[in-house]
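The next block holds one structure in the form of structure tokens; read it before the comments.
Numbering (this note's numbering), first residue to last: 578 to 985.
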């Protein structure tokens, strides 16, 4: 299977600008770029799904460039429904440094910043050298602009596609970059760059877009109610990433294995069969987690995340360190405890049960566990001396409801 056929099989090609690109992709040797704006100091899992295609192209002999938009990030690519909030120049600079370091570590890309070549262009030169090559009707026909016409779009946002086209032309001239790769929502911006290169330089450039990786409802992969899964392990631990990945919906897991791993067709076919025969084992999900976490953070981080998940599954909480407790139970209801407390009072005072009667029922049914031990006596004392690292008490009510008590 050649490169292009493999990309199609994996579901990574939605559109290409010219059929001639197929042969060039299979041959190797193209310089291409993929871009992101520095809206945060770390990429998230949604970026990973987009940037992984660049690793595939690099393995096939192409040269990747990552453009971090220090200039375009100050404007903001038009969102489908509303204008993006502007961020300060200082924040954009900080974010660029974080993204550059991360991209070099994880992906090994050459990183460039479009602020370096856009900052000195004055408004007259911008209009004369670039704006005159864009027909307003052409710009209005682009999907991103069209969807915003009813609610309104500012001139700054409207100009974004010109800036991105300018980027493509700059990299074409200075680095022989002939291809831009992106998610399908960037098609209009990419074709604008191709047109600018053709009109201004009389030369041919190419574009390729991949479908956005989404769940079965069309929600972008890695977007969780405004709480992104960051690639920085200090912002999203490997354990949290593991839990997210092993709990992905069964119907989408094979698609994710194709798009988000380098596993062969034979390996993925094997996991597809396993997923159909024994979905409860979640073998495909676990392999997805192993591939992504190992690629991002290394095998030791994956082994640690897997061990923590097994500890939680088996209830062996006492084997965890205080640091691991913070990772595993990040986000569960937590509260501070000042003194040792009787178990029943402890449960009621901290909202684990609604009343002493309910607390007695849970205790008598063996449904309350403290640091992995089942509590069956009403006179038990929850004491700081029994806490993990003299600080943490993990409470489990029923099969899945966890609470974290932190002694002062």
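Where is the CB? At the ideal position from N, CA and C, for every residue including glycine.
1) What residue ranges within the region 672 to 739 form continuous alpha helix (DSSP H) runs of no fewer than 4 residues, ordered along the chain?
2) Would you kindly work out how many angstroms separate the C-alpha atoms of residue 834 and residue 759, rounded to a whole number?
3) Does DSSP put residue 918 in a helix, in a strand, or in coil?
4) Which ranges does the alpha helix (DSSP H) cover as unbroken runs of at least 4 residues, wholly within the region 908 to 967, from first to last along the chain?
5) At which residues does the alpha helix (DSSP H) containing residue 847 begin and terminate?
6) Following the continuous beta strand (DSSP E) through residue 609, name the residue where it begins and the one where it ends.
7) Quick one: what does DSSP say residue 757 is sitting in, helix, strand or coil?
8) Closer than 6 Å by C-beta to residue 695: which residues in its own chain qualify, once you throw out the five before and the five after it? Chain order, please.
9) Rounded to whole angstroms, what is the Cα-Cα separation between residue 842 and residue 849?
10) Going straight from the alpha carbon of residue 644 to that of residue 748, what length do you get?
11) So, at 7 Å on beta carbons, what are the nonlocal neighbours of residue 671 in its own chain, with the 5 sequence-adjacent residues on each side left out?
12) DSSP three-state call for residue 906: helix, strand or coil?
13) From what residue to what residue does the beta strand (DSSP E) around residue 982 run?
14) Compute the minimum distance between the beta carbon of residue 850 and the heavy atoms of the ligand SAH, and state whether it is under 6 Å.
15) Count Cβ pairs between the region 859 to 866 and the region 888 to 900 that sit closer than 8 Å; are there 3 or more?
16) For residue 974, which residues does DSSP report across the bridge?
17) Pairing CB atoms from the region 602 to 618 with CB atoms from the region 631 to 642, are three or more of them under 8 Å?
18) Counting only the same chain and skipping the five closest in sequence on each side, list residues whose C-beta sits under 8 Å from that of residue 599.
19) Is it the case that the region 767 to 777 contacts the region 626 to 634, given that we only count it when at least three CB pairs across the two stretches are under 8 Å?
20) Please look up how many angstroms separate the CB atoms of residue 755 and residue 732, rounded, as I've assumed it's under 8 Å.
21) For residue 789 versus residue 761, is the C-beta spacing smaller than 7 Å?
22) Quick one: which unbroken beta strand (DSSP E) runs of 3-plus residues sit fully inside the region 770 to 843? Chain order, please.
23) Could you tell me which residues DSSP pairs with residue 621 in its beta bridges?
24) Could you tell me which of 847, 689, 699 and 796 sits nearest to residue 826, measuring between CA atoms?
25) Start and end of the beta strand (DSSP E) containing residue 639?
26) Check whether the region 708 to 724 and the region 660 to 677 are in contact - that is, three or more C-beta pairs closer than 8 Å.
27) Name, in chain order, the residues that DSSP records as bridge partners for residue 644.
28) Note down the Cα distance separating residue 765 from residue 853, rounded to an integer number of angstroms.
29) Put residue 595 into one of helix, strand or coil per three-state DSSP.
30) Tell me which same chain residues have a C-beta within less than 7 Å of the C-beta of residue 951, skipping the five on either side of it?
31) Would you report the Cα separation of residue 937 and residue 956, rounded to the nearest angstrom?
32) For residue 969, write down the residues that DSSP places opposite it in a beta bridge.
33) Smallest Cα separation from residue 673: which of 935, 651 and 660?
34) Rounded to the nearest angstrom, what separates residue 949 and residue 810 at their Cα positions?
35) By alpha-carbon positions, which one of 985, 931 and 965 ends up nearest to residue 974?
In this structure, then:
1) 692 to 695, 700 to 706, 713 to 717, 720 to 725 and 732 to 735
2) 19 Å
3) Strand at residue 918.
4) For the region 908 to 967, whole alpha helix (DSSP H) runs of length 4 or above, ordered along the chain, are 920 to 926 and 933 to 941.
5) That run of the alpha helix (DSSP H) goes 842 to 854.
6) 608 to 613
7) In the structure shown, residue 757 falls within a strand segment according to DSSP collapsed to helix, strand and coil.
8) Around residue 695: 648.
9) 10 Å
10) 10 Å
11) 618
12) DSSP places residue 906 in the coil class of the three-state scheme, outside both helix and strand.
13) Taken as a continuous stretch (DSSP letters only), the beta strand (DSSP E) holding residue 982 covers 978 to 984.
14) This structure does not include the ligand SAH; it has no bound ligands of any sort.
15) no
16) 945 and 978
17) yes
18) 581 and 593
19) Put simply, the region 626 to 634 does not touch the region 767 to 777. Fewer than three CB pairs are less than 8 Å apart.
20) That belief does not hold up - the Cβ atoms of residue 755 and residue 732 are roughly 31 Å apart, past 8 Å.
21) yes
22) 783 to 787
23) 807
24) 796
25) Premise fails: residue 639 is in no beta strand (DSSP E) and is neither H nor E.
26) no
27) 612 and 689
28) 39 Å
29) coil
30) 943
31) 11 Å
32) For residue 969, the pairing in a beta bridge is given by DSSP as 965 and 983.
33) 651
34) 27 Å
35) 931
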